Amino acid sequence: MSKTVELARHLETLRINNMYKTDFYWTWDKTDDEIDAIFTVADALRDLRERNKSTKIFNSGLGISLFRDNSTRTRFSFASACNLLGLEEQVLDEKKSQIAHGETVRETANMVSFMADVIGIRDDMYIRQGHEYMKTFMGALEDGYRDGILEQRPTLVNLQCDVDHPTQCMSDMLHVIHYFGGVENLKGKKVAMTWAYSPSYGKPLSVPQGVIGLFTRFGMDVCLAHPEGYEVMPEVEEIARQNCEKYGSKFTKTNDMKEAFKDADIVYPKSWAPFKAMEERTALYSKGDQKGIDELEKKLLAQNAEHKDWACTEEMMSLTKDGKALYLHCLPADITGLSCEEGEVDNSVFDRYLVPLYKQASYKPYVIAAMIFLAQVKDPVKALMTLDAADNARKMF
Amino acid sequence: MSKTVELARHLETLRINNMYKTDFYWTWDKTDDEIDAIFTVADALRDLRERNKSTKIFNSGLGISLFRDNSTRTRFSFASACNLLGLEEQVLDEKKSQIAHGETVRETANMVSFMADVIGIRDDMYIRQGHEYMKTFMGALEDGYRDGILEQRPTLVNLQCDVDHPTQCMSDMLHVIHYFGGVENLKGKKVAMTWAYSPSYGKPLSVPQGVIGLFTRFGMDVCLAHPEGYEVMPEVEEIARQNCEKYGSKFTKTNDMKEAFKDADIVYPKSWAPFKAMEERTALYSKGDQKGIDELEKKLLAQNAEHKDWACTEEMMSLTKDGKALYLHCLPADITGLSCEEGEVDNSVFDRYLVPLYKQASYKPYVIAAMIFLAQVKDPVKALMTLDAADNARKMF
Amino acid sequence: MSKTVELARHLETLRINNMYKTDFYWTWDKTDDEIDAIFTVADALRDLRERNKSTKIFNSGLGISLFRDNSTRTRFSFASACNLLGLEEQVLDEKKSQIAHGETVRETANMVSFMADVIGIRDDMYIRQGHEYMKTFMGALEDGYRDGILEQRPTLVNLQCDVDHPTQCMSDMLHVIHYFGGVENLKGKKVAMTWAYSPSYGKPLSVPQGVIGLFTRFGMDVCLAHPEGYEVMPEVEEIARQNCEKYGSKFTKTNDMKEAFKDADIVYPKSWAPFKAMEERTALYSKGDQKGIDELEKKLLAQNAEHKDWACTEEMMSLTKDGKALYLHCLPADITGLSCEEGEVDNSVFDRYLVPLYKQASYKPYVIAAMIFLAQVKDPVKALMTLDAADNARKMF
């Protein structure tokens, strides 16, 4: 029995009927079985590809990507996932980062989607706006499908919003599951999700939020550490707390990086912007107050620079479980002495974890493909079984 | 009998042998049967896709798009059409908008076309130049094919030139045909093709020209309305007049928007540039006279602003047949109070027609695909029959 | 027996086992049989396509292109080759031309390659850096494959580095082979690879270097001509000299264009930058010395302008064998009186050779596809035989 058949049999035990024709916004919208299903299908697609089996489920069709913030690796992951399933990627290049009027979003959404089966959107720049944009976009497509404008209703894959970064955090978690040899081994493992200094302040909060929202579902001991002023959205912290009750996890907060690293099995040190300041910036931006934005940025850079000691140094790593915690990063990292003078992580630490880091990233195309697969395929068990049994090589010779 | 088979049988009755291996520049180059064939194949491809049948006619090959003016919706329509037929879109990004020397066009045309089955070009910026550019480009490919440089002779699809916008106007007309329940119901219907004010003066004339050149072939009463100075190309008006004789249509002109809207069954209010000024601008541009261009633009903006009353208001709409004329627009529209302070159409009017407007746009990928299909497939009836009968799903699971 | 079967039988006689899973950097890395194999497969793929046979060897997969210098024709050739074989092109758009730190290249290389079967790189701007960049990039992928990050090891196709331009020079040579009716007719033919004046100084040296490194393998009499100061890399000249001994070719140098053109069977006049100055420029660039770079450029333009007499005029052409040497150019050429005031070639000369020039270019997609084919297909003879026998049309109707 191939690994794919094994995985398909596991998939059969899960309640996932509601995934068909739905979108992927946040991991906490999804049931445990649905999260499990995504990991399962991601692993199955990878197994099929490793065995040179075709994984195409579309004969033609488009996957539209809309990046309202720069991206290389997520863009390639999305393009890879589309290609893996038989879709052609088309990039929608919105030159301006202005939040468009509702009507215009509605129009654009329909105009690019006549042949689209999937829409991948990144909109992570402004607090309270990224998620809203995606909802507006998909609402327009829902209407378009209902009104007979679109012949199919495309699936959304959230490629990072202001709240969650589900394709990243699901890849992180799938990596963790394989690293520790299975979900059953994660109970009680300590995860340090910590802020770290970077010369470029202002990065989205979606990764720390996504991590505390997802990792607390696996019975882990998740410690969120950051300097004062770098709080994440309270509603996501609330999700993490609710998970603790439901899954017997722990969620703690500290302003001491060392406390977080102490005995940690996993560390995820990365920079993010101060939430309150981001809200302020969003408001200034809405008013078009460029002078206000410039002043705020100056203030934030100064605030940021006070916390240069928040770095994943060798000394910090030595505090972790046996000095050997698994180091995670969504990449690219700001590496001290390599990509910047002072950054998130020591070069020697980063370098030691290079292979696991790249493996962590390698799950993303499969996680995205699994999200599409489960939203687009009515009987995913049968589809996997059929792909496994078919005499259809990816590389024909 | 499926709708596709019905359509294929209708296609069999048409004289369309001359479409094979030809280009699509202007609708008035095509016979009635050829126009009918494009609508028929567009409907058939849409039916096949709705029934989840593969519509691929190519196993590999490229569709090259060359946009010498910005585009989102036509670009996506072209990419969708290519994907629908099995071609991969490749964008030729000419950074400069300068009209290249003949030799350079000849070279570029051949260099990008070694694997190209289709070339889609938009060149609508300069009067007397867009069409010329396409002719030069395709002449080069004709030579290249004859001389053994190219193994196939790609088909041109005019994605908008200075004279016609056939993919747009054919989509508009297919929408009108379905809206009114068939070509046979169009006789005597009044169409108001009217100028409307937009803060961005200078839009191409190809839509009004395309509309008067095409709609007069269907026995309709086409009224072209615009302020003085906004005349369209006289040779296209001549086409419209000839159509009247041949098809028993009417073609009238007025400088009074109300007169055009009065009892109209269809209204198409949109902005376009004053023709004479466009010719002047082309000449200034050829001389590289930037100061002259700037002065002309200032003059034109002032001229433009005198006609702010040319707007598709609720009051204007109430003049139309039962106050319920079908509102058409090629999108994006300048919507008063939404995308601009004063524009082509009232928000309430635009909003009421949103679903039909998006449906109007939804025909474009199929119209483009039909143009390619009929130029590339030797026996289109047999091809449609084969696609209909084949057990080849677009979405496999 | 089809031409493809004939070519496959010839391929069977060649020792090419070592091509599988290798990269293509420089032609002189490859054995004679390997060079022969590329020409053979290129011809076979072209024959298959001409006979409307599918040439797909991949069901899905990506071809990544990374152009660190502008390109239209090579980019389209690469995209065409990928499409021909069933891969989808994805462009990696490195905005900055800065040579990235080793670590960053390592990361980018892996991040874009999860589904990549081919990587095409152009990096020709800086002496001693382009080739290094490719080595670093592919080293990272080698590591990534070994460490289980990548499931397949992509193949490199050098789309032009600072040393060689193999896809260009192989296309040039395949054109020459067909023009003269076979490799056996090339012995003793005189090739004038000469510098020519262009208003834009600073073009890469990879074409003249690639030509002297490849053409000297065919028993030809290769004469390299340039003004003093425009020497090419000494190590490539050494390759050419070694080839002479091995293949009975001749390699001569002169500072007199006429001497080179005299009785030449083939002329290849094109501009390139002075090598020493390029080294100097690379050093200034590394130091970020913009002022130094500007001064150097001014000096180089002056030096360049002293050699306006190095042009492929009618007079020069009349010196060649029967006045009818085959004129080669990698395109685009600087054509006197057409694309510039004074350039590499007279308009009348260029125009007379237009068809052969475009044919020369038409080999590039097939040469690139052959490089990919031989690096990716374990049994290329069987693969060609299977493609030839299959009832699988490229254009289905």
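Protein chains in written order, with my numbering: chain A, 2 to 398; chain B, 2 to 398; chain C, 2 to 398. We put the CB at the ideal spot given by N, CA and C, even for glycine. Bear in mind that the values here come from a model prediction, so they are computed numbers and not experimental data.
8 Å Cβ cutoff, residue i in contact with chain A
i	result
isoleucine 150/C	yes
methionine 194/B	no
asparagine 393/B	yes
asparagine 378/C	For clarity, residue 378/C is valine in the given sequence; the question names asparagine instead. At least one chain A Cβ lies under 8 Å of valine 378/C.
glutamate 89/B	yes
methionine 386/C	no
threonine 5/C	no
leucine 332/B	yes
alanine 241/B	no
Cut-off 6 Å between Cβ atoms - residues of its own chain near residue i, not counting five sequence neighbours on either side
i	result
isoleucine 120/A	Ile65, Pro155 and Leu157
glutamine 99/B	Note that glutamine 99/B scores a pLDDT of 40, beneath 50, so its modelled location is shaky; the value from the coordinates is reported in the next line. There are no such residues.
threonine 75/B	Leu160
lysine 190/B	Met221 and Asp266
alanine 441/C	Because chain C is modelled from 2 through 398, residue 441/C falls outside the range shown and cannot be assessed.
Beta-carbon proximity check, residue i vs residue j, cutoff 8 Å
i	j	result
leucine 86/A	threonine 56/A	yes
glutamate 345/C	serine 114/C	no
leucine 329/C	aspartate 144/C	no
leucine 88/A	glycine 62/A	yes
aspartate 389/A	serine 3/A	yes
proline 205/B	aspartate 125/B	yes
cysteine 331/B	glutamine 210/B	no
aspartate 266/A	alanine 326/A	yes
methionine 372/B	isoleucine 122/B	no
leucine 375/A	isoleucine 17/A	yes
tryptophan 196/A	serine 272/A	yes
histidine 132/C	cysteine 162/C	yes
glutamate 315/C	serine 349/C	yes
valine 106/B	phenylalanine 138/B	yes
valine 378/B	isoleucine 128/B	no
Min CB distance residue i to chain C below 8 Å
i	result
proline 200/A	no
threonine 73/A	yes
phenylalanine 398/A	yes
asparagine 111/B	yes
glutamate 236/B	no
Member of the options whose CA lies at the smallest distance from the CA of residue i
i	options	result
lysine 360/B	Asp380/A, Cys83/A, Leu151/A and Ile267/A	Leu151/A
tyrosine 26/B	His308/B, Arg147/B, Met317/B and Met171/B	Met171/B
isoleucine 213/C	Phe374/C, Asp165/C and Lys247/C	Asp165/C
methionine 221/B	Gly211/B, Arg76/B and Asn186/B	Asn186/B
leucine 67/B	Thr73/C, Thr253/C and Phe68/C	Thr73/C
alanine 362/A	Lys188/A, Thr314/A, Lys136/A and Pro333/A	Pro333/A
methionine 135/B	Asp33/B, Ile240/B and Ala110/B	Ala110/B
isoleucine 203/C	Glu281/C, Lys54/C, Cys83/C and Gly189/C	Note that residue 203/C is glycine in the sequence shown here, rather than isoleucine. Comparing Cα positions, the closest option is Glu281/C.
threonine 14/C	Glu316/C, Ala394/C, Arg129/C and Pro381/C	Pro381/C
glutamate 342/A	Val6/A, Lys309/A and Asp44/A	Lys309/A
phenylalanine 216/C	Asn244/C, Glu239/C and Ser207/C	Asn244/C
leucine 358/B	Gly289/B, Ile294/B and Tyr269/B	Tyr269/B
Closer than 8 Å to chain B by CB, residue i
i	result
tyrosine 269/C	no
asparagine 84/C	yes
glutamine 210/A	no
alanine 117/C	no
**OP:** Below 8 Å between beta carbons is the criterion; list the residues of the segment 35–60 of chain B that meet it against any residue of chain A, in chain order.
**Re:** Arg47, Arg50, Glu51, Ser55, Thr56 and Lys57
Subject >> Chain-ordered residues of the segment 215–234 of chain A with a beta carbon less than 7 Å from chain C >> reply: none
Original post:
Closer than 8 Å, Cβ to any Cβ of chain A: which residues of the segment 158–188 of chain C, in chain order?
Top reply: none
**OP:** Could you please tell me which residues of the segment 123–146 of chain C, in chain order, have their CB closer than 7 Å to any CB of chain A?
**Re:** Gly145
Subject >> Interface positions of the segment 336–362 of chain C facing chain B (Cβ-Cβ less than 9 Å), listed along the chain >> reply: Ile336, Leu339, Ser340, Asn348, Phe351, Asp352, Leu355, Val356, Leu358, Tyr359, Lys360 and Ala362
**OP:** Closer than 7 Å, Cβ to Cβ, to anything on chain B: give me those residues from the segment 12–37 of chain A, in chain order.
**Re:** none
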